[in-house]
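Visitor:
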Ligand SMILES: Nc1ncnc2c1ncn2[C@@H]1O[C@H](COP(=O)(O)OP(=O)(O)OP(=O)(O)O)[C@@H](O)[C@H]1O
Ligand SMILES: Nc1ncnc2c1ncn2[C@@H]1O[C@H](COP(=O)(O)OP(=O)(O)OP(=O)(O)O)[C@@H](O)[C@H]1O
Ligand SMILES: [Mg+2]
Ligand SMILES: [Mg+2]
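Residue numbers (the numbering used here), protein chains in the order written: chain A, 1 to 362; chain B, 1001 to 1362; chain C, 2001 to 2410; chain D, 3001 to 3308; chain E, 4001 to 4281.
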């Protein structure tokens, strides 16, 4: 009862010079019923615009918006029965937190008792119960965001759109909310389309991730597939923090030379002569036993607590990042040797950046 | 020339019933000249309020605000020469991006040419150069945030306050901006006070982290010390994502029984009879060789790409999280054994939650 | 009466609406209500809704507007100067339509008052709240200036002389004030009469005296007094002139008799009232409002309205109205009533206006009265403010007026 | 008739509004919008448009009732009309900018942290509360050359006194002063409401940038108040042509038309001269003048107004 | 003044600029108040003292007594209150609806419709009284309170003002409500109207003041005490043939405006509470 689909949706805004700016160039997104779909992509790529088109707040310049197979391009937002958490909250300044939360219920004439109950419950879920009487102006940033979230949670809508709903919350709360949201979504069978910049959110919550790029979809896949099999170098470098290291390589058919690596690696599959080799930072180990190795000097070392990020400069001038578990106390200039295994390598066409299917392993 | 200090600052807001809500209860923060200080803490703990008091936008109900040792409580904001990135941007809706950025320079009558140049440079730094003529309403959320950031960057102020300036940016851009900000701060010798919820930001950028909790300072330390030696259980569970596992333990002087662990561990130091034992998720290894072990069943497993989070339920009903490098394909119900080493353990007083100094290792 | 059909009928019952203005400050509405009540008691079957309708101008506006929608009054008190306008717009009926024998009016009203209700050989209205211009002087100031407080000026020359003395002695800021706004044309008419202009009232609604040499002389005299500083330069405001007088800023003022009550109750000094001074002859125009019978197309209401109008002008009523309002009682019979006689004795100033009626002339009443009086006022203002010379202004004025009235000529 | 507010041809295409307004050009919205307007339009048509058409109709007739352009001929040759028009333009020029500037100043003052602002606010607003007829009488007294306190004050400090309302040179400025007094507090109310809708964060941001209050006002507050300013400006200009109550009491348009204003002249023509046909022609002139003013105001200003 | 004014740093103390501004504001306030002060002064003095400003002059309430006895005040107040509240309700309802259409909908003919509305802003109803009287007469409404109010209940002024206000409102709030399922009227009622409160209050004050004091049309269209408002009842004191008695006029004015002044004092707090503060980001 609540599948959402964008089919070839384009959008252009008028710009100030009387021309038009194209913002979406044919976006296809499918959010099957009861699924949690995450939209991921660089700032300004069109995520919010896509959500707004689904919600009916913005009209698509071209293409179709379908809900349960019905074209709804001309259905007004109020009739689409979609809930939404706005990126900028859009709380009503004249209403208290509780009134903000139950606004939609009032609109739908839910009886007062029930309204109150459901509002309270939602407020409790997001930890706002001590602030029910406050006006939005008396809340902190994170509290406002939670109020906006609660407002979406109380609605009966089967489709919920969330635009970075946790961006202003601390890690602990965010973790809690992640679990809360995911449970709610499963329990109620909601179709959620969720915009986030947080990789952890994307990876842990999504059934399905849609990566957008400059107004179109770059890749849509299950989260782990996205991580392990990025469709191109751009997706590869967008997913993962720090992102995949991409190094130029040349092959003569049997051997692969990767920049920064002292010796050529033998190939067991065919790759074009010019390739880009991708290695995730966590696939590299210090002084490990993998058959493929790099030598370099430490440029910076960032200790994150649970792990340490080492940025290395190889003798050939390539720079890449390794993510080493635990605290590694390395100082700038230290010489290190990094190893990895062939299974961890990904190959991309050097010219187009496209992943090479069935990536050959050394 | 730009040390910032809060000394016993309290703040209360009038509430709607004519009473007052205490929001800060004696906050002490020192941001030495040229240092990068990060404020960390749960949503609503008073971070933004502290920044606003430093900026002079809010008056302290009690206590002193010092800049370079001078009490500035009564100096108006306009005279403090502090730049700030507001949590909600506060962009001027009628001005274009460029005009927004150079607003302060115009105020200070910087010549037009120079203004233009510096504005452009700042815009370029945050990647907004294609949008200079847009009005804020025509920008995406992340673009607005970057405009706000650029506005603070062009100012000549030696003290810069930033309230979650990167929260709406994607991981890649955020990484770039982190480096950009840090370099700028170093090059110009800025004193930066920076609010963030992002642990990575806190750990990588800060010279100094101040953890706040409900209107007071819980711990102030260098980032790595904070991670390794949290002052109490609350800080411990706030820092790190996922946070430190905290398990109740009892000691009889020589042996320590930790809930969820099948056998007692022998102690080499004195601990009170009731303790809380802290173990970071990344300190646990699956089937590892550490001398201390837990048995449990997998409850959930979250694959983040570079690592996998396993939530375990021990036979005794304790739940905790382990962070295992790489992709571990575990299904719910799998029986696993986790091990760790005594050095990784932290002990806290069970009653007060305070860290036990020179934490004894097993 | 509101609808056109529910008014009077042959059986002598009628519901009337009467509009009346209050042009002298104060709550006179009660007095009017009392007078009406007395009349309706006397004439059973007639009821009158007396509607207070603002100033004369407001009343005119209201009567016009309402009449166009056939909701107009049956009876109204309006300025005598609006006579031709009312006739031209077909709003009123001549009294001969209602009553064949109007001879009673000659006994009841002073001829000067009655005259201003006559046009085209018919009598159109009954004098009701009538006034004239008189001269007020402040006896205290006269004493201070060493003048005889009981000998106010009787000629223009005396006026100038006394005004000058008052000023020279520092007894008051101005010797005399003659207001020139609102009713400036009225004041000017008074001067023209005094200069010997024969027909200032206008014949058949045409005013032609304005470029008469005597008129020019009058205006020159007026302007001259202002130039000499005997009175304020520029125009003098009608409404605030009494205040200047009451505040002792001027020794003499010319103003309407309608102001008597006001001055009497508010002056904290002895004051005198006298006839206007003469140049070649004494004289003053009459003023104020008459009772008009409106044309509502119904014989019965017309008759009832006439009955009430008649009743309101009865000597006792006229006397009472005069004493309450300060207007001049409209006929000798009214002055002869006991109460009025007693009043005149206690307050002899009130009788001056009556005595002046001997030499009074009806006020200028023309077609297009609004335009014409506006034009006269403008010219007076132009001269007094130094924008034009009297001769030129009045010549121009007369030709303007001739233009306005051309369509009614002949 | 006022020309329709022109649709700027080079202005934003429909799409822009579409984004701003949740309105997608559906027929439903068309009908809905007109339904919203309907009640107001019934009243407007009945009590404004229809009477205006009637008076336009009568302006095309001579007084005898036959169709002719004689009224307009008279109008063009009527020196009073031209003088009145001139007066009115000066009057507008003298009152509109001053009262608007004062209004903003007042609004900023009473919106800020001013001691006793409750009192000051009331003081500014009292002219709006006082009925014009009463106020005009009071000002008549203030201006009166004899007893009037203005001359009293001038005299006390040794300045020359004048017959303010009796002198063609001073009567219009004197009326302007009164008009400004009457209007400034009235406009202040709307500026105050506008200021109340403004996010204080913007002021905070510019304070931090070191902007003075004046600078902030000039560069942020004022531009953001443009919707209010447009409103106040249009109202102020029309009011300058529309408010005549005081003339009835203070000058009657004199001396010699020196203070006569267009609407007062129309009123006189209609109700003192009883010449509805010529009044109709004058009314049309007024509508055309104000219509032109409105077109200019909207084309020049509406495009610069930043609404959100 | 609210008791909880938070003084910002550097604004608590009085700096010279501030002092100057405060002085300026007060000076202007006092200037602006003078006519009212004069009216109050004149209303409690005898006529001779009223214009002489002798501080020791004896006070008197005779003026009030004589004004009060001159007209059935209770009835006039009642009529006026009925009148202004009726007009206000009508203006608000019609104004809000029409302004919403102009501010948020794009429809064929919107520009022309708006121009037609503005026409009313320009043409004072006072010059249309003849035609409007005819209309009222044909509606059989002459001499009723509705007849006084009807021509004013669609106010171009109000429509224009509210249009400006609605247009300035953050569209996000409208969108949020639309998402929540609020229809077009629901949004108007629950979002636009509450957010426009400062403007509505301001407009209400102005509308009430205007119609409370309106004179000519009520005078023309009414005949009886049953429908006439205060101003008509009190116009007696503005008579001109005998000059103006400022004491009576002032007493009448004070009686007329006193309720308005009180209403202003009560309502001014309403539109000076910044509740929009930091609503959205
Ligand atoms: N005007 C106000 N009136 C009352 N309470 C307020 C007001 N402003 C903020 N608070 C409260 O003060 C506390 C601290 O707010 P602050 O904005 O400093 O939090 P924060 O640490 O920045 O939180 P976040 O991370 O969510 O932005 C919050 O609980 C908030 O509800
Ligand atoms: N009204 C508008 N006029 C012109 N361009 C616009 C308008 N609104 C948005 N854009 C542009 O459309 C693009 C997509 O915006 P959108 O808000 O969808 O981005 P986003 O993916 O949500 O980004 P973010 O993560 O920064 O929020 C941006 O480049 C933005 O500048
Ligand atoms: Mg977005
Ligand atoms: Mg905050």
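Backbone N, C-alpha and C define an ideal beta-carbon position, used for all residues, glycine too.
Which value, in whole angstroms, describes the spacing of the CA atoms of residue 103 of chain A and residue 4184 of chain E?
Guide: 15 angstroms
Visitor: With three or more C-beta pairs closer than 8 angstroms as the rule, is the stretch 262-271 of chain A touching the stretch 300-308 of chain A?
Guide: no
Visitor: Could you please tell me which residues of the stretch 4119-4144 of chain E, in chain order, have their CB closer than 7 angstroms to any CB of chain C?
Guide: 4129, 4130, 4133, 4134, 4137 and 4142
Visitor: At a Cβ threshold of 9 angstroms, is residue 2234 of chain C touching chain G?
Guide: Here chain G cannot be found, since the structure's protein chains are A, B, C, D and E.
Visitor: Are the C-beta atoms of residue 3258 of chain D and some chain C residue less than 9 angstroms apart?
Guide: yes
Visitor: Verify the contact flag: residue 1241 of chain B, CB atom, against every heavy atom of ligand 1, threshold strictly below 8 angstroms.
Guide: no
Visitor: Would you verify that the beta carbon of residue 1082 of chain B is, or is not, closer than 9 angstroms to some beta carbon of chain D?
Guide: So, interface residue.
Visitor: Helix, strand or coil for residue 22 of chain A per DSSP?
Guide: strand
Visitor: Helix, strand or coil for residue 2373 of chain C? Go by DSSP, reduced to three states.
Guide: helix
Visitor: At a Cβ threshold of 9 angstroms, is residue 2421 of chain C touching chain E?
Guide: Missing from the structure shown is residue 2421 of chain C; chain C here goes from 2001 to 2410 and no further.
Visitor: Can we count residue 163 of chain A as close to ligand 3, meaning its CB is less than 8 angstroms from some heavy atom?
Guide: yes
Visitor: Please check if any C-beta of chain E sits within less than 9 angstroms of the C-beta of residue 2049 of chain C.
Guide: So yes, residue 2049 of chain C belongs to the interface.
Visitor: Candidates C/2372, C/2390 and C/2284: which alpha carbon is nearest residue 2405 of chain C's?
Guide: For residue 2405 of chain C, the nearest C-alpha among the options comes from C/2372.
Visitor: Hey, does residue 3073 of chain D have any beta-carbon neighbour from chain B nearer than 9 angstroms?
Guide: no
Visitor: Under 7 angstroms between beta-carbons, which chain E residues line up against residue 2054 of chain C? List them in chain order, please.
Guide: 4219 and 4235
Visitor: Please list the partners that residue 4054 of chain E has in chain C, where partner means a Cβ-to-Cβ separation under 9 angstroms.
Guide: Here the premise fails: no neighbours, minimum Cβ distance about 12 angstroms.
Visitor: From residue 1192 of chain B to residue 176 of chain A, what distance separates their C-alpha atoms?
Guide: For residue 1192 of chain B and residue 176 of chain A, the distance between alpha carbons rounds to 30 angstroms.
Visitor: Could you pull the start and end residues of the alpha helix (DSSP H) that residue 2324 of chain C belongs to?
Guide: 2315-2325
Visitor: Give the interface partners of residue 2244 of chain C over in chain D, defined as CB-CB distance under 7 angstroms, in chain order.
Guide: 3146 and 3147
Visitor: Can you list, in chain order, the residues of its chain with a C-beta nearer than 8 angstroms to that of residue 1276 of chain B? Leave out the 5 residues immediately preceding and following it.
Guide: 1233, 1246, 1247, 1248, 1249, 1347, 1348, 1349, 1350 and 1353
Visitor: Indicate the three-state DSSP secondary structure (helix, strand or coil) for residue 4098 of chain E in the structure shown.
Guide: helix
Visitor: Report the neighbours of residue 3085 of chain D on chain B: residues whose CB is nearer than 7 angstroms to its CB, in chain order.
Guide: In chain order: nothing, as chain B lies at least about 37 angstroms away.
Visitor: Is residue 4213 of chain E close to chain D, meaning its C-beta is less than 9 angstroms from at least one C-beta of that chain?
Guide: Judged by the 9 angstroms Cβ criterion, residue 4213 of chain E is in contact with chain D.
Visitor: How is the beta strand (DSSP E) around residue 3072 of chain D delimited, first residue to last?
Guide: Under the DSSP assignment, residue 3072 of chain D falls outside any beta strand (DSSP E), being part of the alpha helix (DSSP H) whose first and last residues are 3070-3077.
Visitor: Comparing alpha-carbon positions, which option in D/3062, D/3130, D/3299 and D/3280 lies nearest residue 4039 of chain E?
Guide: D/3130
Visitor: Under 8 angstroms: do the stretch 2263-2275 of chain C and the stretch 2176-2184 of chain C share three or more Cβ pairs, one atom per stretch?
Guide: Not touching, per the Cβ criterion.
Visitor: Please list, in chain order, all residues of the same chain as residue 3181 of chain D whose beta carbon is under 7 angstroms from its beta carbon, the five residues on each side excluded.
Guide: 3127
Visitor: Just reading off the beta strand (DSSP E) that residue 339 of chain A is part of, what are its end residues?
Guide: Annotation for residue 339 of chain A: the continuous beta strand (DSSP E) segment containing it runs 335-340.
Visitor: Is the CB of residue 1027 of chain B under 9 angstroms away from at least one CB in chain A?
Guide: no
Visitor: Got a sec: is the Cβ-Cβ distance from residue 1086 of chain B to anything in chain D below 9 angstroms?
Guide: Interface flag for residue 1086 of chain B against chain D is set, since a Cβ pair is found closer than 9 angstroms.
Visitor: Would the beta-carbon of residue 1035 of chain B fall within 9 angstroms of that of residue 1208 of chain B?
Guide: yes
Visitor: Terminal residues of the continuous alpha helix (DSSP H) containing residue 4210 of chain E?
Guide: 4197-4213
Visitor: For residue 284 of chain A, which option in A/340, A/278, A/241 and A/242 has the closest C-alpha, if you only look at C-alpha atoms?
Guide: A/340
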